[in-house]
Amino acid sequence: MKVLITAGPTREAIDAVRFISNRSTGKMGYALAAAAVKRGFEVVLVSGPVSLSEVAGARIVQVESAAEMAAAVRNNLDNCDVVIMAAAVADYRPKTRFAGKLKKKPGGLTLELERTEDILAMLGASGRPGLRLVGFAAETDDVERNAKEKLTRKHLDFIAANDVSRPECGFAADTNCVTVYGADGGKYEIPFGSKAEVADEMWKIITGDVK
Ligand code: CTP
Numbered sequence: 001m002k003v004l005i006t007a008g009p010t011r012e013a014i015d016a017v018r019f020i021s022n023r024s025t026g027k028m029g030y031a032l033a034a035a036a037v038k039r040g041f042e043v044v045l046v047s048g049p050v051s052l053s054e055v056a057g058a059r060i061v062q063v064e065s066a067a068e069m070a071a072a073v074r075n076n077l078d079n080c081d082v083v084i085m086a087a088a089v090a091d092y093r094p095k096t097r098f099a100g101k102l103k104k105k106p107g108g109l110t111l112e113l114e115r116t117e118d119i120l121a122m123l124g125a126s127g128r129p130g131l132r133l134v135g136f137a138a139e140t141d142d143v144e145r146n147a148k149e150k151l152t153r154k155h156l157d158f159i160a161a162n163d164v165s166r167p168e169c170g171f172a173a174d175t176n177c178v179t180v181y182g183a184d185g186g187k188y189e190i191p192f193g194s195k196a197e198v199a200d201e202m203w204k205i206i207t208g209d210v211k
């Protein structure tokens, strides 16, 4: 099996020294990559900027922006059996990147933002036969409904719903609370545990070891 996993946040540049980003630490994506290596899979880990050690046995592709992540995913898709988008990809980026460092002036500043490409939706719409697509839904409200809506809208095989309103399940935590929904209507409640344990359970579901 060849698997591609994305992890971490993206950074969307405002100027030469500033960016917009989010609180993702990459821990869940890296745990999924480590669990995949243990299973003997060929692993490509497309990673946004994180402070984690590399996953031994995985090929890492470092990216910064959502556009770079989209390009890295496209460039590494050949012969892939599974793509897991665990990255917290920015949904918006500044429309203009200022050259050099933006100097302050009196008064406020308005930044115009534009949408980034939805990588997962692009993969879902491309309908590549045999490619299993797995997304994450980090939600604070209506977790199940929002997750299922993303599963359908993005044409995914599985979605891992993550209630990030709970501190022990949030971006920076070492533990996670995940329920996986399958396109076939399956619902798999993964017991609360470390991100490594949750990653291992997720692989059982994705590979069909758990029905
Ligand atoms: N995703 C992506 N490309 C983006 C944004 C998100 O591939 N530009 C992926 C994420 O990696 C994740 C899933 O889509 O697997 C999250 O779905 P999304 O609808 O974007 O959720 P949120 O970013 O939480 O946005 P919102 O709830 O505002 O719709």
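Note that the numbering used here has the sequence shown beginning at 1, numbered continuously upward.
Heads up, the beta-carbon is just placed ideally off N, CA and C, and yes, glycines get one too.
Collapsing the DSSP output to three states places residue 126 in a helix. Within the stretch 138 to 192, the complete alpha helix (DSSP H) segments of 4 residues or longer fall at 143 to 153, listed in chain order. Rounded to whole angstroms, the separation of the alpha carbons of residue 103 and residue 86 is 35 Å. In the structure shown, residue 36 falls within a helical segment according to DSSP collapsed to helix, strand and coil. Counting only residues of its own chain and dropping the five nearest sequence neighbours on each side, residue 19 has a CB closer than 7 Å to the CB of 11, 12 and 13. Taken from the Cβ of residue 135, at least one heavy atom of the ligand CTP lies inside 7 Å.
When rounded, the separation of the alpha-carbon atoms in residue 197 and residue 150 is 24 Å. For residue 5, no alpha helix (DSSP H) segment is defined; the enclosing uninterrupted segment is the beta strand (DSSP E) at 2 to 7. According to the DSSP assignment, residue 205 belongs to the alpha helix (DSSP H) that extends over 195 to 206. Counting the other CB atoms within 10 Å of its CB gives residue 141 a total below 16, which places it among the exposed residues.
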